[in-house]
Amino acid sequence: MPDQQEIADLVRTRLRNRRVELGLSIDELAATSLVNASTISRIETGRRAPGLHHLVPLATGLGLGLDELVTPPRP
Numbered sequence: 100m101p102d103q104q105e106i107a108d109l110v111r112t113r114l115r116n117r118r119v120e121l122g123l124s125i126d127e128l129a130a131t132s133l134v135n136a137s138t139i140s141r142i143e144t145g146r147r148a149p150g151l152h153h154l155v156p157l158a159t160g161l162g163l164g165l166d167e168l169v170t171p172p173r174p
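Convert by adding 99 to the 1-based position in the sequence shown; the result is the number in the numbering used here.
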């Protein structure tokens, strides 16, 4: 079972990868998710832990279900 840090790292990676894949800037994701751009940047760089109150709107803004953003891969 992954620990909190491993899940936070997974979320960070998926968040950034999906944003880049969609061609969105941090400001554009902020506009669609209503999460402050500086908060998104801090989550992506590991300076802030991703909280559920941010993950739901970010997942929606990226066109993902919450589970797609936070579920660890199966071994």
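Cβ atoms here follow ideal geometry from the backbone N, Cα and C, with glycine treated the same way.
Just so we're clear, the structure is a prediction, and the values are computed from it rather than from any experiment.
Return the CA-CA distance between residue i and residue j, expressed in angstroms with no decimal places.
i: R113; j: L168; result: 6 Å
i: P69; j: Q104; result: Past the edges of the chain, shown from 100 to 174, lies residue 69, and the structure says nothing about it.
i: S140; j: E120; result: 16 Å
i: V134; j: A158; result: 11 Å
i: A129; j: A136; result: 5 Å
Using the three-state DSSP reduction, which class does residue i fall into: helix, strand or coil?
i: T170; result: coil
i: D102; result: coil
In chain order, what residues of the same chain lie with their CB nearer than 8 Å to the CB of residue i, ignoring the 5 residues before and after it?
i: L154; result: V110, L165, L168 and V169
Who are the near neighbours of residue i in its chain, counting only those whose CB is closer than 6 Å to its CB and skipping five residues on each side?
i: N116; result: none
i: L161; result: R117
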